[in-house]
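Student: One point on numbering: in the numbering used here, the residue at position 165 of the sequence shown is 167, and numbering is uninterrupted. Ideal placement from N, C-alpha and C gives every residue a C-beta, glycine not left out.
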Amino acid sequence: MQQTIRLPQPDLAAPLPWAAGPADPFPQPGGDGQPVVDPYAPAAAEARGPGAGVRVAGVVVGLLLGLGGFVGLLVGQASTEGNQTRGLWFGLGLLLLAGAALLGSWTAATPITAGVVGAAPGLFGVIAPVTWSDTVGRLPEIDLGFDLAGISASDAIAAFGSYSAAAAGVLLVVGGVTTVLGRRKGAARPV
Numbered sequence: 003m004q005q006t007i008r009l010p011q012p013d014l015a016a017p018l019p020w021a022a023g024p025a026d027p028f029p030q031p032g033g034d035g036q037p038v039v040d041p042y043a044p045a046a047a048e049a050r051g052p053g054a055g056v057r058v059a060g061v062v063v064g065l066l067l068g069l070g071g072f073v074g075l076l077v078g079q080a081s082t083e084g085n086q087t088r089g090l091w092f093g094l095g096l097l098l099l100a101g102a103a104l105l106g107s108w109t110a111a112t113p114i115t116a117g118v119v120g121a122a123p124g125l126f127g128v129i130a131p132v133t134w135s136d137t138v139g140r141l142p143e144i145d146l147g148f149d150l151a152g153i154s155a156s157d158a159i160a161a162f163g164s165y166s167a168a169a170a171g172v173l174l175v176v177g178g179v180t181t182v183l184g185r186r187k188g189a190a191r192p193v
């Protein structure tokens, strides 16, 4: 006794199950009535930026890092002592100014303030050198009780009116402004 098994006949007009896809292979966002959410957009609080307290703290930190950094940078530059002492002062100033620039990820007020600390007297000394030297010459002699790597406090103040102070200060200000603009555009996102 032989039994015959009948197999179902395929429907050739029906689409193949593995080839079935959406009716529109390129659907438009929001076409189904749902709002479009950009997964890379900054959160509302992040788009607003830091609060007033963070900005004030950033200004204070920028003042401290800017003053310390520019004093170290310029004392290292104007020092008459050996290369090792000059290098230590210069390196300390460079690290403090780099710290101010890196804190721009916290608030842009820090690098902007630190940059203004160096850019304002630096640009004044570059644009009007005679007036700068007269102004510094009228300052009373400041006795710190110790030498700043072989230079007096008046010489350190005079060094603020230099091209290097102006250049470093302007670069810090530009870095802070770039951070502000990048946050407004949504480009600066935390990693």
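1) Based on the DSSP secondary-structure assignment, which residues constitute the bridge partners of residue 129?
2) Contact check, residue 119 vs residue 68 under 8 angstroms by CB: the rounded distance?
3) Which of helix, strand or coil does DSSP assign to residue 159?
4) Going along the chain, which residues of its own chain have a beta-carbon closer than 7 angstroms to the beta-carbon of residue 123, five neighbours each way excluded?
5) By how many angstroms is the C-alpha of residue 136 removed from the C-alpha of residue 177?
6) Just verifying my parser: in three-state terms, what is the DSSP assignment at residue 153?
7) Once you ignore the five residues that flank residue 180 on each side, which residues in its own chain have a CB closer than 7 angstroms to its CB?
8) So for residue 166, helix, strand or coil by DSSP?
9) For residue 111, which residues of its own chain have a beta-carbon under 7 angstroms away from its beta-carbon, when the five flanking residues on both sides are left out?
10) Could you check whether the segment 92-104 touches the segment 72-79, counting it as contact only if at least three pairs of C-beta atoms, one from each stretch, sit closer than 8 angstroms?
11) Please state the DSSP three-state secondary structure of residue 134.
12) Verify whether the separation of the beta carbon atoms of residue 194 and residue 171 is less than 8 angstroms.
13) With 16 other CB atoms within 10 Å as the buried threshold, where does residue 7 fall?
14) In the structure shown, what three-state DSSP assignment does residue 53 receive?
15) Rounded C-beta distance between residue 130 and residue 174? I'm assuming under 8 angstroms.
16) Quick one: residues in its chain with C-beta nearer than 8 angstroms to the C-beta of residue 95, no 5 flanking neighbours on either side, listed in chain order?
Tutor: Working from what's here:
1) Partner(s): none; residue 129 has no beta bridge.
2) 3 angstroms
3) helix
4) Around residue 123: 162, 163 and 167.
5) So the alpha carbons of these two residues sit roughly 32 angstroms apart.
6) strand
7) Within the same chain, no residue comes within 7 angstroms of residue 180 by CB-CB distance, once the 5 residues on both sides are set aside.
8) Residue 166 falls in the helix class under three-state DSSP.
9) Same-chain partners within the cutoff: 57, 60, 61 and 64.
10) When C-beta atoms of the segment 92-104 are compared with those of the segment 72-79, three or more pairs fall below 8 angstroms, so the two segments count as touching.
11) helix
12) Within the shown structure, residues of the chain are numbered from 3 to 193, placing residue 194 beyond reach of any answer.
13) Exposed, because fewer than 16 other Cβ atoms sit within 10 Å of the Cβ of residue 7.
14) coil
15) With a Cβ gap of about 22 angstroms, residue 130 and residue 174 do not count as contacting.
16) Counting only Cβ-Cβ distances below 8 angstroms, and skipping sequence neighbours, we find 70, 71, 72, 73, 74, 75, 76, 77 and 78.
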